[in-house]
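One structure is given here, and the rest of the page talks about it.
Protein chains in written order, with the numbering used here: chain A, 1381 to 1779; chain B, 1381 to 1779.
Quick look at the structure:
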């Protein structure tokens, strides 16, 4: 058994359960005789470069458990892709602290960072185990059936759209909800879990996996208005036209020559689509909400299975490094083939997860490209768990 | 004891507990020997004009209880101020159905509607009891210590800002959260309940009760960035300059000559403020979210005390009409002077509640006009209840 110090950090967008993975890894490490000091670097690799650390042996078990239940990245986060120079600097710090175990919790960019550091170590003949622990609300990591963080964000989205659909039922018109997901539509698709009755919204769902046509969109909204007398639309912030140009970029370019295109943290896409519906479909009451950062950091909204799996992903990474004496890898979640929902954790090569993302499979998207299939619902339901039940008067329910 | 049929309806913006008031009133009426038929009009007075009703004796108790726990207006809602002509038409329908008890759940505009119908009835010598049951997430009804719907919306806002503050802590920069409340700042002020530690956000709170100055705002943000290295801002959608001109209207006028000013259901104000901070404070990472309709209709977010009081407000209205044989009024919530939180319900004249709104008292707003006082926290805490606890590492907490 290799003995040495450990460093762990968090990277990319926060999630509601990223601290479960942190707590899982730290508690597993504290239980292992192979691990000496446990450094927590602040703000991902930035904290390694700046040598800003906390001692994760000093925090009480009660604090670790309370932090695990808290959304967002407790060690801070960063969006920094390391240059070759950064890598050398990181590597010098790791050597100086005699780090033999390195864990990085994040998405595909974070996996890429671990991959680079691992390759440098191999080149230099420095014996360090480099592991990536998966996290992304976008659910777009390859090799994974789903990723820690997705189930909880999907739970927020499904609850929000469920309430919003009731709101729209009360006052009518068109409601457009813009949901996170730059390249993958899983989170936007999760809005479909809001439906209880056949005439419940969302009535239309637009994903980045299918080209978005403004003409088709307006036609779809008119048809839904005709059928239901109202319309709730879930749309991904990442929708793009048939040439791959983000709709927001296109419209922003057309209407405003100043600004940069920014998908999250702005209400621009929702406002643009609302304007289109008002003008081109002639509907008076059109409203748009952009769910924004609430989707990934809302306290008390974590899905139970997501929280549990995030914890176990952290444990699995440490166990692979310490007990299995593997030198590197990324923990991947696989779904058991059994009818009853369950998962297993496997360690896969870093290069399989790094950089590139995965998309919604065709089987999850309807033929018209404006909704999801029952196969998606079946896939997503156990990740999200039961939602608060909502009821309507019997006399107001259709058939 | 007067005997007769009853009509009840819901009006204005939905809330998470407006169906509690409906269930409370209907169940109390079903228990009373004075009430015959119980009509539920769909979409407020529109349903009276259109003669679209459901029979609220037909719904099972289980359904009523399930509907009570469901957000948004189960009978549908409307934003229609009745004209003199409408009133005559409404009145004809009420007479035709032999309605002797009329209950309307809503805000100050709804109280105005009840007031007008009641005055018409008195003029005509038609014996009908007209009651307003309070509801508004804005918390701006006169005569009330607070209003049903506020506590739950405030709970959503406090949770959202709590998570958002953790998100901002992880990635830094400035985050602007735009919160509902056209004339009254109570809901925006409730963001302050998110704070656990001294350096927690929101660091700045802007309310419609104080004139908003862009220069002062930029200066405040710079100072907060200097102090905390990051800044979370809660701002009411209704902020206006010293001449009472809404900031959104002002900016929209300056940058876009097409559109009407619309406060909710658009991300424009947040985006405008973010642009100002980027340009005038020279801060790179600036994000804005507009909480939008999620604030009033999120399932599973109701505050326990809010749900209970909304139910009792419905019961109190029916009891006043049936047992006390009062001819009209609005149910008002009064806070008991006792140290332990508690409320009583009183029936007040309709004209005291109708039309005009109330604002945040001066004692709830800090001197600088960019935050709230401990007196506000003390006022709001019992209405919202305990929030999900969030934890940080001991080594990262100040002092």
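In this text, a Cβ means the ideal position worked out from N, Cα and C, and glycines have one as well.
Test: residue i CB closer than 8 Å to a CB of chain B
i: residue 1578 of chain A; result: no
i: residue 1637 of chain A; result: Model confidence at residue 1637 of chain A stands at a pLDDT of 29, short of 50, so the residue's coordinates are unreliable and nothing is read from them.
i: residue 1678 of chain A; result: yes
i: residue 1540 of chain A; result: yes
i: residue 1668 of chain A; result: yes
i: residue 1528 of chain A; result: no
i: residue 1544 of chain A; result: yes
i: residue 1673 of chain A; result: yes
i: residue 1456 of chain A; result: yes
i: residue 1447 of chain A; result: yes
i: residue 1617 of chain A; result: no
i: residue 1651 of chain A; result: yes
i: residue 1439 of chain A; result: yes
i: residue 1734 of chain A; result: no
Chain A within 8 Å of residue i, Cβ atoms only
i: residue 1773 of chain B; result: yes
i: residue 1659 of chain B; result: no
i: residue 1688 of chain B; result: no
i: residue 1467 of chain B; result: no
i: residue 1700 of chain B; result: no
i: residue 1770 of chain B; result: yes
i: residue 1647 of chain B; result: yes
i: residue 1463 of chain B; result: no
First and last residue of the uninterrupted alpha helix (DSSP H) at residue i
i: residue 1503 of chain B; result: 1488-1504
i: residue 1465 of chain B; result: 1464-1476
i: residue 1782 of chain B; result: Outside the displayed range of chain B (1381 to 1779) lies residue 1782 of chain B, so it cannot be described from this structure.
i: residue 1694 of chain B; result: 1684-1702
i: residue 1409 of chain A; result: 1398-1410
i: residue 1655 of chain B; result: 1648-1661
i: residue 1548 of chain B; result: 1530-1551
i: residue 1516 of chain A; result: It is not in any alpha helix (DSSP H) - residue 1516 of chain A carries neither H nor E in the DSSP assignment.
i: residue 1445 of chain A; result: 1441-1448
i: residue 1674 of chain A; result: 1674-1677
Opening and closing residue of the beta strand (DSSP E) in which residue i lies
i: residue 1614 of chain B; result: 1610-1616
i: residue 1584 of chain A; result: 1584-1586
i: residue 1414 of chain A; result: Premise fails: residue 1414 of chain A is in no beta strand (DSSP E) and is neither H nor E.
i: residue 1708 of chain B; result: 1708-1715
Cross-strand partners of residue i (DSSP beta bridge)
i: residue 1568 of chain A; result: Looking at the DSSP assignment, residue 1568 of chain A forms no beta bridge with any residue, so it has no partner.
i: residue 1434 of chain B; result: B:1420
i: residue 1483 of chain B; result: B:1388, B:1511
i: residue 1428 of chain B; result: Paired residues: none, contrary to the question.
i: residue 1557 of chain A; result: A:1614, A:1669
i: residue 1721 of chain B; result: Paired residues: none, contrary to the question.
i: residue 1521 of chain A; result: A:1737
i: residue 1727 of chain A; result: A:1711
i: residue 1745 of chain B; result: B:1752
C-beta contact flag for residue i and residue j at 8 Å
i: residue 1669 of chain B; j: residue 1672 of chain A; result: yes
i: residue 1722 of chain A; j: residue 1716 of chain A; result: yes
i: residue 1612 of chain B; j: residue 1541 of chain B; result: yes
i: residue 1734 of chain A; j: residue 1492 of chain A; result: yes
i: residue 1455 of chain B; j: residue 1487 of chain B; result: no
i: residue 1579 of chain B; j: residue 1778 of chain B; result: yes
i: residue 1394 of chain A; j: residue 1547 of chain B; result: yes
i: residue 1537 of chain B; j: residue 1559 of chain B; result: yes
i: residue 1570 of chain B; j: residue 1582 of chain B; result: no
i: residue 1470 of chain A; j: residue 1434 of chain A; result: no
i: residue 1425 of chain B; j: residue 1406 of chain B; result: no
i: residue 1404 of chain A; j: residue 1693 of chain A; result: yes
i: residue 1701 of chain A; j: residue 1509 of chain A; result: yes
i: residue 1467 of chain A; j: residue 1513 of chain A; result: no
i: residue 1684 of chain B; j: residue 1452 of chain A; result: no
i: residue 1409 of chain A; j: residue 1415 of chain A; result: yes
i: residue 1364 of chain B; j: residue 1602 of chain B; result: Residue 1364 of chain B lies beyond the stretch modelled for chain B, which goes from 1381 to 1779, so this question has no answer here.
Whole-number beta carbon distance between residue j and residue i, since they are thought to touch under 8 Å
i: residue 1564 of chain A; j: residue 1525 of chain A; result: The Cβ separation is near 14 Å, so there is no contact.
i: residue 1385 of chain B; j: residue 1450 of chain B; result: Rounded, the Cβ-Cβ distance is 26 Å, inconsistent with contact.
i: residue 1371 of chain A; j: residue 1697 of chain A; result: This structure gives no information on residue 1371 of chain A, because the portion of chain A shown stretches from 1381 to 1779.
i: residue 1557 of chain B; j: residue 1677 of chain A; result: Not a contact, Cβ separation roughly 12 Å.
i: residue 1397 of chain A; j: residue 1616 of chain A; result: Actually they do not touch by this definition, with Cβ atoms about 22 Å apart.
i: residue 1745 of chain A; j: residue 1737 of chain A; result: So it is not a contact: roughly 16 Å between Cβ atoms.
i: residue 1600 of chain B; j: residue 1750 of chain B; result: 5 Å
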